[in-house]
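Enquirer:
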Amino acid sequence: MPAMQLHWDIFCRVIDNYGDIGVCWRLARQLAGEHGRQVRLWVDDLHSLQPLCPACSPELPAQWLESVDVRRWTDDFTVDRVGEVIIEAFACELPTPYLNAMAQAVHRPCWVNLEYLTAESWAVGCHGLASPHPTLPLVKHFFFPGFTPSTGGLLREADLPLLTTATKEKPLEISLFCYDTAPLAAWLSALAATPHALCCHIPPGQPQAAVSALLGGHGPWQVGQARLQPTPFLTIDAYDALLRRCAVNFVRGEDSFVRAQWAARPFIWQIYRQDDDAHLAKLQAFLDHYTAAAEPPLREVVQQLFMAWNTAGDLVDCWLAFIAQREAVHQHNLAWRSELMRMSDLSTALVNFCASKV
Ligand code: TRH
């Protein structure tokens, strides 16, 4: 049996928003809490972790948060020790002194690049591939999260709450986590035509700014029977609870998108935009997979709304059809979640993958 790889160093560079840190923070917590690993999480911008985890003090060079040794990653990085496993999140490029120290380590560490999530089939072929360093005696492996057992799977805690707690009485709660490029004007028209009382939770940042740009002021706003309520940014666990409670969740990026699937409530995903519309192929790949087992009418309702939300297509009819079908979408999502839960979770897959590389 290979020696336990006890010390893990995760490096995270925050590109924008909260997805990079959200994924790394969840992974670090889980490796420490569920797998007993000693995890250092190196983050170049701890201000992005603080809203998700309010105990975080962004200026501290080192702090313990939920059994994770959180470090501020600065330009004057010095190496005290090298982990047995090194996770380079989203090709963030390890500090050169650290790379050199890895090359000199008596036992070569396991070096993994954690990639972005995609349902595209090429990711299956690339998962686990090795890439030798051009000059140093080191090999980096690519680890792809994904929706099938031949990928690295999805981040999922062992104690994930499976009960959904959406309130049956009116108004229906909706969470709106979106980019400012979302077709909000069209969605507001759709809300005005929705025959239900709604309470929409609008988080700070781009969602609130985008609604405010259309409706003026700082809210709350009323559109038809919908109340649009500005909400504070929630801790990551409180946000998960909100997703479980809402009748419909608008999510974006990577991490909230995965969490919406664990919540199993009806959700609409705004994908992170890429040049040359590369994100649309990624969106379609997910939709093909996610809706494969749905009856054709339901598949159409879901696909049309996801596409309209991401391409500024005609939203009103799609939204009204989706909201009318929300119980069927919920049932579909419960089945989808069960299918996903048959896979190993990402942290367990990663622990096993790294052990196999010793
Ligand atoms: O914030 P995002 O858009 O993040 C990312 C980044 O832009 C990244 O660079 C990009 O590559 C990636 O998307 C695809 O969306 P995401 O991934 O959903 O991350 C948001 C995180 O914030 C997630 O961990 C949930 C958390 N969150 C809270 O903890 N509380 C809240 O109130 C909200 C709204 C979100």
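Residue numbers (our numbering): 3 to 360. Heads up, the beta-carbon is just placed ideally off N, CA and C, and yes, glycines get one too.
(1) Below 8 Å CB to CB, which residues in the same chain sit around R73 once its five sequence neighbours on both sides are set aside?
(2) In angstroms with no decimal places, state the Cα-to-Cα distance between A105 and F92.
(3) If we ignore side chains and look at the alpha-carbon of each, how far apart do R275 and V108 end up?
(4) Buried or exposed for Q251, going by 16 or more other Cβ atoms inside 10 Å?
(5) According to DSSP, is N335 helix, strand or coil?
(6) Tell me the DSSP bridge mates of K359?
(7) For A280, which option in P97, P111, T120 and A103 has the closest C-alpha, if you only look at C-alpha atoms?
(8) Would you be able to state if there are at least three C-beta pairs under 8 Å between the stretch 312–330 and the stretch 182–198?
(9) Mark R246 as exposed unless 16 or more other C-beta atoms lie within 10 angstroms of its C-beta, in which case mark it buried.
(10) Got a sec? Which residues, its chain only, sit under 6 Å from S258 by beta carbon, not counting five neighbours each side?
(11) Is the CB-CB distance between R158 and L200 below 9 Å?
(12) Which residue or residues does DSSP assign as beta-bridge partners of L178?
(13) So, at 6 Å on beta carbons, what are the nonlocal neighbours of L131 in its own chain, with the 5 sequence-adjacent residues on each side left out?
(14) Do Q210 and G221 come within 9 Å of each other at the CB atom, strictly closer than that value?
(15) Spell out the partners DSSP gives V41 in its beta bridges.
(16) Buried or exposed for W338, please, with buried defined as at least 16 other CB atoms from any protein chain shown within 10 angstroms of its CB.
(17) Do L342 and L116 have their C-beta atoms closer together than 9 Å?
(18) Between the Cα of M309 and those of D277, M345 and F269, spot the shortest distance and give me the residue it belongs to.
(19) Let's see if you can read the secondary structure: which residues bound the beta strand (DSSP E) around W113?
(20) Helix, strand or coil for A351 per DSSP?
(21) For A34, does the count of other Cβ atoms within 10 angstroms reach 16, so buried, or fall short, so exposed?
(22) Rounded to whole angstroms, what's the CA-CA distance from M3 to A314? Just pull it up for me.
(23) Of all the beta strand (DSSP E) runs that stay within the bounds of the stretch 183–250, which reach a length of 3 or more residues?
(24) Between G255 and the ligand TRH, is there a pair consisting of the residue's CB and a ligand heavy atom that are separated by less than 8 Å?
(25) Just to confirm the assignment, what range does the beta strand (DSSP E) spanning S133 have?
(26) I think P151 touches L348, with their Cβ atoms under 8 Å apart; what is that distance to the nearest whole Å?
(27) Do D279 and the ligand TRH come close, with the Cβ less than 8 Å from some heavy atom?
(28) Could you tell me if the beta carbon of P56 falls within a distance shorter than 8 Å of some heavy atom in the ligand TRH?
(29) With which residues is E61 paired in a DSSP beta bridge?
(30) Secondary structure at H143, three-state DSSP: helix, strand or coil?
(31) Can the beta-carbon of D242 be found less than 9 Å from the beta-carbon of P139?
(32) Report the three-state DSSP secondary structure of A105 (helix, strand or coil).
(33) Taking buried to mean at least 16 other C-beta atoms within 10 Å of its own C-beta, is L216 buried or exposed?
(34) Which two residues bound the contiguous beta strand (DSSP E) that contains R267?
(35) Are I89 and L29 close, meaning C-beta to C-beta below 9 Å?
(36) My output table needs one value for E302: the three-state DSSP class, helix, strand or coil.
Expert: In brief:
(1) For the purposes of this step, residue 73 is identified with residue 71 of the sequence shown, where counting begins at 1. Cβ neighbours of R73 beyond the five flanking positions: R42, L43, W44, V45, P63 and A64.
(2) Taking the first residue of the sequence shown as 1, we reach residue 105 at position 103. Taking the first residue of the sequence shown as 1, we reach residue 92 at position 90. Rounded to whole angstroms, A105 to F92 spans 21 Å at the Cα level.
(3) The count along the sequence shown starts at 1 and reaches residue 275 at position 273. The count along the sequence shown starts at 1 and reaches residue 108 at position 106. Going from the Cα of R275 to the Cα of V108 covers about 43 Å.
(4) Position 249 of the sequence shown holds residue 251. The sequence shown places Asn at residue 251, rather than the Gln named in the question. Burial call: buried.
(5) Taking the first residue of the sequence shown as 1, we reach residue 335 at position 333. Reduced to three states, the DSSP call for N335 is helix.
(6) Reading the sequence shown from its first residue, position 357 is the one you call residue 359. DSSP output for K359 lists no bridge partner at all.
(7) To locate residue 280, count along the sequence shown from 1; it is residue 278. Closest option to A280, Cα to Cα, is T120.
(8) yes
(9) Here the question's residue 246 lines up with position 244 in the sequence shown. It is buried - the Cβ of R246 has at least 16 other Cβ atoms within 10 Å.
(10) Taking the sequence shown and counting its residues from 1, the one referred to as residue 258 is at position 256. Excluding positions up to five away in sequence, the list reads F179.
(11) To locate residue 158, count along the sequence shown from 1; it is residue 156. To locate residue 200, count along the sequence shown from 1; it is residue 198. No, Cβ-Cβ distance for R158 and L200 is not below 9 Å.
(12) In the sequence shown, the residue the question calls residue 178 occupies position 176. Partner(s): F252.
(13) What you label residue 131 is simply residue 129 of the sequence shown in a count that begins at 1. Excluding positions up to five away in sequence, the list reads F144.
(14) Here residue 221 corresponds to residue number 219 of the sequence shown, with the count starting at 1. Here residue 210 corresponds to residue number 208 of the sequence shown, with the count starting at 1. Taking 9 Å as the Cβ cut-off, G221 and Q210 qualify as a contacting pair.
(15) For the purposes of this step, residue 41 is taken as the residue at position 39 of the sequence shown. BP columns for V41 point to W10.
(16) The sequence position of residue 338 within the sequence shown is 336, counting from 1. It is buried - the Cβ of W338 has at least 16 other Cβ atoms within 10 Å.
(17) The residue labelled residue 342 in the question sits at position 340 within the sequence shown. The residue labelled residue 116 in the question sits at position 114 within the sequence shown. No, Cβ-Cβ distance for L342 and L116 is not below 9 Å.
(18) For the purposes of this step, residue 309 is identified with residue 307 of the sequence shown, where counting begins at 1. With distances taken between Cα atoms, M309 lies closest to F269.
(19) Counting from one through the sequence shown, the residue named residue 113 turns up at place 111. Where W113 is concerned, the enclosing beta strand (DSSP E) stretches over C112 to L116.
(20) Within the sequence shown, residue 351 is the residue found at index 349, counting from 1. Reduced to three states, the DSSP call for A351 is helix.
(21) Here the question's residue 34 lines up with position 32 in the sequence shown. A34 comes out buried.
(22) If you number the sequence shown from 1, residue 3 lands on position 1. If you number the sequence shown from 1, residue 314 lands on position 312. Because the pLDDT at M3 is just 47, under 50, the model does not fix this residue reliably, and the point stays unresolved.
(23) 200–204, 223–225 and 228–232
(24) As a first step, residue 255 must be located in the sequence shown, where it is residue number 253. True, at least one ligand heavy atom lies under 8 Å from that Cβ.
(25) Stepping through the sequence shown from its first residue, residue 133 is reached at position 131. That run of the beta strand (DSSP E) goes A132 to P134.
(26) Position 149 of the sequence shown, counted from the first residue, corresponds to residue 151. Position 346 of the sequence shown, counted from the first residue, corresponds to residue 348. Not confirmed; about 12 Å, so no contact.
(27) Counted from its first residue, the sequence shown places residue 279 at position 277. Checking every heavy atom of the ligand TRH against the Cβ of D279, none is found closer than 8 Å.
(28) Against the sequence shown, residue 56 aligns to sequence position 54. No, the ligand TRH has no heavy atom inside 8 Å of this Cβ.
(29) As a working mapping, residue 61 is identified with position 59 in the sequence shown. E61 is not bridged to any residue.
(30) The residue you call residue 143 lines up with position 141 of the sequence shown. Correct three-state label for H143: strand.
(31) If you number the sequence shown from 1, residue 242 lands on position 240. If you number the sequence shown from 1, residue 139 lands on position 137. Not a contact, by the Cβ cut-off of 9 Å.
(32) One-based indexing of the sequence shown puts residue 105 at position 103. Here A105 sits in helix by DSSP.
(33) One-based indexing of the sequence shown puts residue 216 at position 214. Classification of L216: exposed, given that the 10 Å Cβ count is below 16.
(34) In the sequence shown, residue 267 corresponds to position 265, counting from 1. Note, R267: premise wrong, no beta strand (DSSP E); not H, not E.
(35) Counting from one through the sequence shown, the residue named residue 89 turns up at place 87. Counting from one through the sequence shown, the residue named residue 29 turns up at place 27. Cβ atoms of I89 and L29: closer than 9 Å.
(36) Stepping through the sequence shown from its first residue, residue 302 is reached at position 300. E302 falls in the helix class under three-state DSSP.
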